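Protein chains in written order, with the numbering used here: chain A, 582 to 1086; chain B, 582 to 1086.
From the three backbone atoms N, C-alpha and C, an ideal C-beta is built for every residue, glycine too.
In this text, all values refer to a predicted model and were calculated from it rather than measured experimentally.
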């Protein structure tokens, strides 16, 4: 490598490290707010978060980085770089191009608006008051439409947003994928609903001691291979995982005394996110390539552990005895098979985060279609409740009794996160597709799970996904692992096979 | 105010707010490291801390602030400002002048080194391995010596360091003050040692349930008026208090099952620090004037609550019944008077943080003399254990059996905090001097304490000290409150009076 190239690369790496450090600080400030920061400090804390985030944003679009990217714009300079360094240049360029076009004052206004909107949303959700939230949401949508102008319209306006969460994802692709998924899942759902073999969940009603729930969560996380020397488990209202650095990947869960499965599956879910972040290759740590490559791939890992493994018969073959020991009074007379069936019961419902593996995707398709209308057909924000309710009627046969249980249920839009929802179903599809390869390469997968030998699974995922961090695109990863691009049939096959057995279809 | 002056002031306040935000983030990163950050994330976390601290440092010495300070260098501009704004300009100028001379890359290296050295020190202390820690400590001392060169040598090298913790403090002044203190305390100590009336501490030996210790700490902190909506109590190896903002002032303590008094008095101590930070005037929040004015004044508040109030007869008249209720099996047969005498027993010992109110000052004088040798006489770091042990023999008649109980006992040097130790004795002296005025202005002080009415004390301290934050210098405060500058005789008088009674001298 030429000396000049080396110097420029070193400078870029230092900047990447610096931005990554801001990311760690901002991540910790957020984690702390959600896990126990005292009430009276929240106002100043919010200002601190705003200031640090803006500084991080400024670094990403600084002239300094612009000049370095200019240097590496020349093909002969770029090709001197090793693979990961070239990826770093690309990652910096993506951030730079994306954000440089947004006027700083508009960005700041937007950040302030989004911060206000989240607390307005909380109030509005509590009181089912869409009218009270609508002015804020309208303003956010307007600004997002304005920003799409700065960022540049891809095939459609909504494409611009999708690409930010799932690089390379388009409306065209997703329309086709979701269409195929609907064609296979809707008839499956009808059959399931018509089945006389509905799993019983009644034994899960009532109180399960929360201290025992906590102990079981810790036990399961250890079994998964979550490294407590590189993380910690706390409580928060909404469970989340946050990777501050690969040696510090924290998860939270919540313990609901009348809903024991919530802590179990949210621990598996957040644990899956955390395994990804804990096992990113050390050489990427402290750089902009440390972190999951996309929201969809990240979700594929949480859902692989939560559902594909955690809701499998083999898993409960191994761990149901343990669960019984933690709750002897509640579960003594319940069999592993009964428990397995109960946690896989399919049910049309109003609330996304409570949905089963099948209908979850319909919740997402509803949101996807509405977001597309918002940005590509300029749907009036005022009409959202009406459109929402009509789609829930159409896809799930239910109409929310109020907007709190309907259009106001999710936080995402208050933060301007349009385009994010698709990641959840992408995660489901990626997970099923990855699982198919995993089954080929570890043919005794069910036996391993049933023996509690989860380490080979973690190792395989580390080898094929985790270690790469952001140095591979979602599409590169999925093609390299499975030999083809995203294919919704894997998820449909997986769900059919599972529910045919459970519901004896 | 002229428009131009207003604009410049606004710009300065924005910068002050930004620097203060970095301070909050750095404070949280530190707090987190000490209360539960996972082990494997520490290396990258140390780098993150180094980078954020350096950014904060760069802001303090930025050209932007330089130009603003230039503007306010003109007397006619400065005199347009209100008092607190003028203080803010002075605070910025102090930071600017101090740090402008230190090269940013050296500062960053230093920050990262200090963060690493702390975990090295922990290991070294545990294994009494001074040789393992020595290379880090030597590097820190070398860098500190180099920095003194940048900062400018005051009367002596060590003066430069002292002034940073206690503005205006000098070797000359401290030599005189410590000399006076020694002259009065050493004979008092001899008399105490010769007294036949030694308090019995044997009933404090053995196990006190740590859960009960925690409950009692929470109880006492509430009694002091510590606001749990503006703070939280956690556990850490070494207790500390940190004010992230006035609405978020955190304290930690530790619960040692065979040393019940440790948690009690460290809660009172850190609670005293916290009351100071929680009660800084709201208009200073989020600015560089938010925070204690000096380490010495800060320590005066922790020690006022820990010792002057918390080790007083009146305090245990009120709270001993409660303590007995928390530990009925252990304390049923012990009287308040016995307990009061036990927690005021004077004893030569090896460990500073376990020392009584009298010998504590000798532990400090030892460190002060050693630090003076390190910086003014270029004492070789390798010789520290030898010098340390010799001074302990001289002042306290004891030689540490190993370096873990000797020269490695304190964290301070691993963080480069040379010049800090003096603050502890300054705190003792200030506290005694402030107490003398407090007694004049609240003549029924002992009755208030004995009735558990601590609120008027907190209010008086808020009025005279807390609310000012950094907008008054230590010397201004102490003169305004007591009518004179630092005077060690108050402490000597206080200790004489106390021990004459306890030891019946």
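Neighbour flag for residue i against chain A, beta carbons, 8 angstroms
i             : result
residue 628/B : yes
residue 873/B : no
residue 749/B : no
residue 852/B : no
residue 599/B : yes
residue 606/B : yes
residue 615/B : no
residue 911/B : no
Cβ separation of residue i and residue j, assumed to be a contact under 8 angstroms, to the nearest whole Å
i              : j              : result
residue 698/B  : residue 995/B  : 4 angstroms
residue 875/A  : residue 1037/A : No, residue 875/A and residue 1037/A are not in contact; Cβ-Cβ is about 25 angstroms, not under 8 angstroms.
residue 1083/A : residue 925/A  : 5 angstroms
residue 972/A  : residue 951/A  : 7 angstroms
residue 847/B  : residue 827/B  : The Cβ separation is near 22 angstroms, so there is no contact.
residue 596/A  : residue 770/A  : With a Cβ gap of about 50 angstroms, residue 596/A and residue 770/A do not count as contacting.
residue 987/B  : residue 931/B  : 7 angstroms
residue 1016/B : residue 1023/B : About 10 angstroms separates the two Cβ atoms, so there is no contact after all.
Candidates the options: closest to residue i by CA position
i              : options                         : result
residue 908/B  : 852/B, 938/B, 787/B and 854/B   : 787/B
residue 861/B  : 671/B, 1054/B, 649/B and 1050/B : 1050/B
residue 1063/B : 852/B, 664/B, 1020/B and 1043/B : 1020/B
residue 1034/B : 1053/B, 897/B and 1073/B        : 897/B
residue 612/B  : 825/B, 837/B, 1073/B and 1081/B : 825/B
residue 718/B  : 1039/B, 740/B, 694/B and 620/B  : 694/B
residue 963/B  : 688/B, 836/B, 947/B and 984/B   : 984/B
residue 614/A  : 957/B, 811/B, 1047/B and 1029/B : 811/B
residue 686/B  : 870/B, 724/B and 618/B          : 724/B
residue 850/A  : 890/A, 944/A and 1044/A         : 890/A
residue 830/B  : 778/A, 626/A, 715/A and 590/A   : 626/A
residue 1087/B : 1012/B, 704/B and 653/B         : Because chain B here runs from 582 to 1086, residue 1087/B falls outside it and cannot be looked at.
residue 794/B  : 899/B, 838/B and 755/B          : 838/B
residue 593/A  : 659/A, 619/A and 606/A          : 659/A
residue 652/A  : 587/A, 691/A and 710/A          : 587/A
residue 888/B  : 1079/B, 928/B, 666/B and 1022/B : 1079/B
residue 958/B  : 674/B, 737/B and 781/B          : 737/B
residue 668/B  : 688/B, 899/B and 590/B          : 590/B
residue 673/A  : 650/A, 608/A, 1070/A and 878/A  : 650/A
residue 864/B  : 638/B, 664/B, 779/B and 917/B   : 664/B
residue 853/B  : 866/B, 833/B, 868/B and 840/B   : 833/B
residue 637/A  : 836/A, 869/A, 702/A and 656/A   : 869/A
Interface flag, residue i vs chain B, CB-CB below 8 angstroms
i              : result
residue 1033/A : no
residue 602/A  : yes
residue 593/A  : no
residue 755/A  : no
residue 1048/A : no
residue 689/A  : no
residue 531/A  : Outside the modelled stretch of chain A, which goes from 582 to 1086, sits residue 531/A, for which no answer is possible.
Chain A residues whose Cβ lies nearer than 7 angstroms to that of residue i
i             : result
residue 625/B : 826, 828, 866 and 867
residue 610/B : 606 and 609
Neighbour list for residue i in chain B, Cβ cutoff strictly below 7 angstroms
i             : result
residue 810/A : 619, 620 and 621
residue 679/A : Ordered by position in chain B, no residue passes the 7 angstroms Cβ test against residue 679/A, which lies about 23 angstroms from the chain.
Closer than 7 angstroms: residue i CB and nearest the ligand FAD heavy atom
i             : result
residue 955/A : Ligands are entirely absent from the displayed structure, and the ligand FAD is therefore not among its contents.
Per-residue contacts from residue i into chain B (C-beta, under 8 angstroms)
i             : result
residue 633/A : 602, 603 and 606
CB contact check: residue i to chain D, cutoff 8 angstroms
i              : result
residue 1051/A : Within the model displayed, chain D is absent; protein chains A and B are what it includes.
Do the segment 637-647 of chain A and the segment 674-687 of chain A make contact, defined as three or more Cβ pairs closer than 8 angstroms?
In short, these stretches touch, since the Cβ pair count reaches three.
When you compare the segment 975-990 of chain B with the segment 791-806 of chain B, are there three or more beta-carbon pairs, one atom per stretch, that lie closer than 8 angstroms?
When Cβ pairs closer than 8 angstroms are counted between the two stretches, the segment 975-990 of chain B is seen not to touch the segment 791-806 of chain B, the count staying below three.
Count the C-beta pairs between the segment 602-610 of chain B and the segment 617-631 of chain A that are closer than 8 angstroms, then say yes if the count reaches three, no if not.
Yes, since at least three Cβ pairs between the segment 602-610 of chain B and the segment 617-631 of chain A fall closer than 8 angstroms, the two stretches touch.
Taking three-plus beta-carbon pairs below 8 angstroms as touching, is the segment 862-874 of chain A in contact with the segment 765-779 of chain A?
Touching, no, given that fewer than three Cβ pairs across the two stretches are closer than 8 angstroms.
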